[in-house]
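Step one of this worksheet: look at the structure below.
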Amino acid sequence: MPDETRKAKTALAKKKLKPKPVAFRRRRLANNQPTVNPADPETIPKFIDPLPIPPVAKPVFHDSYYEIEMREARHQFHSYFPLTTVWGYDGMVPGPTFDVAKDQLVKVKWINNLPLKHFLPVDHTLHGAIDSPEVRTVVHLHGANVDWESDGHPEAWFTKDYARTGAFFRRMVYEYTNHQQGTTLWYHDHAIGLTRLNVYAGLAGFYLIRDSLERRLKLPSGDYEIPLMIQDKSFKEDGSLFYPDQPPFPVSVNPSVVPGFLGNTIVVNGKVWPHLRVEPRKYRFRIVNASNRRGYTLSLSNQEAFTQIGTDGGLMASPVQLNSIRLEPAERADLIIDFSTMQGQTITLQNDDPSPHLSVVLQFRVDLPLRGEDRSQIPAQLYPAMELHEHTAHTVRDLTLSATTDEFGRPMLLLGERMWHDPATEKPAYDSVEIWNLVNLTGGPHPIHVHLVQFRILERRPFNIERFQKKGIIEYTGPAQPPKDYERGWKDTVRAEAGMVTKIIMHFKEHTGNYVWHCHFLEHEDHDMMRPLRVITDTHPVQDKHATHT
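Structure, rendered in structure tokens:
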């Protein structure tokens with residue numbers, strides 16, 4: 004470039020105006036609407052943006068090999084917001100949706116191209132964050148039946164260009180065999196000590212497995228099958244993501260983990276309070292609660308019922324009619340809403356919350372013309388019932404959920420009275436059936452997720468907490484409660500109620516190796532409510548039936 008041209012461009016750049024203040028940009032984006040402050044949900048108009056549908060992931064080189072890049076990007080959560088810095092798979096929030104067939108071998112290279120410094124507050128006192136790089140990632144395909152080296156172990160993390168890796172890192176390319184029933188899975192970050200921040204930053208996406216039975220059932224499909232990823236977030240005035248760096252009580256650590264994060268807006272598929280235009284016909288919604296801490300009790304504002312056809316692990320034996328459904332973080336629901344009698348209506352997907360902002364999730368507008376006859380069906384029978392029976396269990400474990408404080412005086416939740424670094428105590432044998440009694444001694448519920456398996460919920464039952472704490476004896480104080488109607492299917496995450504023993508049964512098969520189980524409140528998971536789970540090769544006779552391990 005000639006010198007005179009370079010000088011002219013430099014002079015022109017110096018004459019450019021400085022960026023206008025953030026508040027002015029908000030008003031300009033609002034286009035004559037009242038000032039929108041992203042930090043104040045009172046000012047944010049609802050149901051402005053159409054619901055985005057995440058694009059389907061595209062393989063590279065051949066049909067079953069994918070490369071997905073984790074990178075920083077700018078995302079617009081609302082039409083009246085400035086662009087927000089996020090971390091996304093392929094730079095998207097949510098990431099691209101995998102749509103694969105049962106038993107199809109899929110290989111994915113997860114590529115970390117994130118910055119070397121986190122844009123959210125990192126607590127360096129937590130396991131994995133004390134003496135490791137500030138930005139680390141590893142991907143967990145939640146609910147997958149997969150070899151442990153591709154499971155996304157929290158200590159299998161890696162940095163940009165694989166310059167540093169965790170102790171359990173084994174492979175750059177993950178292999179997903181998809182040897183399981185067709186279902187709605189989701190993938191998300193699982194790096195030890197950073198999961199709450201990386202998922203909140205945007206690292207989450209759908210993974211759908213389809214099988215031949217599902218195709219024969221004639222369920223709503225194509226444009227009439229909608230994934231819904233529900234999260235809660237808070238924003239600063241400039242539109243950037245807000246995440247607290249201190250709990251609501253004084254601590255000597257800064258930044259510090261918090262007991263739990265609850266946002267003040269609801270985001271669906273990356274948009275704050277979006278809307279969806281629908282035809283007067285049946286739609287299938289695959290819903291995942293991808294929030295850090297918030298649970299949702301979902302219903303329709305017109306009090307109409309909807310039909311549940313699936314849980315975490317796939318289709319239920321038969322459909323269930325519901326007026327509401329509760330989803331804790333990581334739980335999924337496969338629902339069908341029939342809009343055929345609602346033409347011209349505007350309906351809100353509601354959440355049971357006293358806040359006027361947190362009580363609404365998504366708006367349905369039944370204002371599209373019907374494009375041809377609705378030939379989809381809701382069969383009376385969906386999937387053959389294949390139960391696990393208690394008498395087949397070789398081991399019964401009593402596993403506690405308890406509360407304590409850490410060295411900085413912060414509340415810390417534990418599983419089995421042990422921290423993450425303590426030796427593995429849950430070591431089921433290959434091809435064995437186990438019953439776990441989740442004994443909740445804390446003051447609130449916890450969504451407990453077990454890697455590798457899909458399990459059945461057998462019951463919940465109140466017990467004498469004081470006697471258990473003194474003598475370690477479970478004394479039941481009331482009758483057993485069966486699982487909720489919406490839990491009567493295969494599950495990988497269960498709400499363990501306070502003051503209850505939640506009993507689940509599972510079959511450890513097909514894989515051995517290093518897995519984990521943990522609370523899926525992400526702040527709890529990062530702060531030691533996670534334990535190793537080691538499935539061992541059975542080199543001796545399987546344990547006697549009903550042997551108890553605590």
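Note that this note's numbering has the sequence shown beginning at 4, numbered continuously upward.
Glycine residues also receive a C-beta, built at the ideal position from the N, C-alpha and C atoms.
Values in this document were obtained by computation on a predicted structure and should not be read as measured data.
Selection from A170, D531, S343 and P372 that minimises the alpha carbon distance to R284: Just measuring C-alpha positions, the residue of A170, D531, S343 and P372 sitting nearest R284 is S343.
Outcome for Q311 when other beta-carbon atoms lying within 10 angstroms are tallied against a minimum of 16: With 16 or more other Cβ atoms from the protein chains shown falling within 10 Å of its own Cβ, Q311 counts as buried.
Near the ligand FAD: V281 beta-carbon under 8 Å from a heavy atom: The model on display carries no ligand, and the ligand FAD is accordingly not part of it.
Secondary structure, alpha helix (DSSP H): runs of 4+ residues fully inside the segment 275-330: Counting whole runs of 4 or more residues, the segment 275-330 contains no alpha helix (DSSP H) stretch at all.
From H182, P118, P253 and K239, residue whose alpha carbon lies closest to that of P41: Check the Cα spacing between P41 and each of H182, P118, P253 and K239: the tightest is with K239.
Per DSSP, cross-strand counterpart(s) of N443: Under DSSP, the beta-bridge partners assigned to N443 are L404.
Secondary structure of K110, DSSP reduced to three states: Annotated three-state conformation of K110 is strand, per DSSP.
Contacts around D434, its chain only, beta-carbon distance under 6 Å, and the 5 residues preceding and following it disregarded: K512, listed in sequence order.
First through last residue of the beta strand (DSSP E) which encompasses L365: V363 to R368 is the span of the beta strand (DSSP E), which, as asked, contains L365.
Nearest residue (CA-CA) to M503, options H394, I71, E462 and F161: Taking only the C-alpha atoms, the option nearest M503 is E462.
Extent of the continuous beta strand (DSSP E) run through F101: It spans F101 to A104 - the beta strand (DSSP E) in which F101 sits, taken as one unbroken run.
Cβ pair K494, G298 closer than 9 Å: The answer is no: Cβ separation not under 9 Å.
Bounding residues of the beta strand (DSSP E) (the contiguous stretch that carries H527): For H527, there is no enclosing beta strand (DSSP E); the residue is part of the alpha helix (DSSP H) that begins and ends at L525 to D529.
Cβ-based burial, Q484 [other Cβ within 10 Å; buried from 16]: So Q484 counts as exposed.
Bridge-paired residues (DSSP) for M95: Paired residue(s): Y92.
Distance between N467 and G475 (C-alpha atoms, nearest Å): Distance between the alpha carbons of G475 and N467: 10 Å.
Beta carbon of H523 nearer than 9 Å to that of P387: Contact flag unset, no.
Sequence-distant residues of the same chain with beta carbon closer than 7 Å to K473, five excluded per side: Within the same chain, K473 has no close Cβ partners at all.
Exposure of F252, with buried meaning 16 or more beta-carbon neighbours within 10 Å: Label assigned to F252: exposed.
Assigned secondary structure, V202 (DSSP; H/G/I helix, E/B strand, else coil): V202: helix per DSSP, three-state reduction.
Cβ distance (whole Å) where L188 is taken to contact G146 below 8 Å: Contact annotation, L188 with G146: C-beta distance approximately 4 Å; criterion of less than 8 Å satisfied.
Continuous beta strand (DSSP E) stretch holding K473: start and end: Where K473 is concerned, there is no enclosing beta strand (DSSP E), although the alpha helix (DSSP H) it sits in stretches over I468 to K474.
Beta-carbon separation (whole angstroms), V436 vs L391, contact threshold 8 Å: Right, the Cβ-Cβ distance comes to about 6 Å (below 8 Å), so this counts as a contact.
Residue range of the beta strand (DSSP E) that includes R335: That run of the beta strand (DSSP E) goes R335 to D341.
Per DSSP, cross-strand counterpart(s) of P535: As DSSP reads the structure, P535 sits in a beta bridge with V519.
Selection from P258, H65, R74 and F80 that minimises the alpha carbon distance to K49: It is F80.
Where T540 sits in the DSSP three-state scheme: Correct three-state label for T540: coil.
Closest by C-alpha distance to L123, when choosing among I51, V261 and A170: Among I51, V261 and A170, the Cα nearest to that of L123 belongs to V261.
Of the residues S294, L365, A159 and S255, the one placed nearest V281, counting alpha carbons only: Taking only the C-alpha atoms, the option nearest V281 is L365.
From A166, L265 and S405, residue whose alpha carbon lies closest to that of L441: Closest option to L441, Cα to Cα, is S405.
9 Å Cβ cutoff met for H130 and G196: The answer is yes: Cβ separation under 9 Å.
Environment of S224 [buried if 16+ CB atoms lie within 10 Å]: Residue environment analysis places S224 among the exposed positions, since fewer than 16 neighbouring C-beta atoms fall within 10 angstroms of its C-beta.
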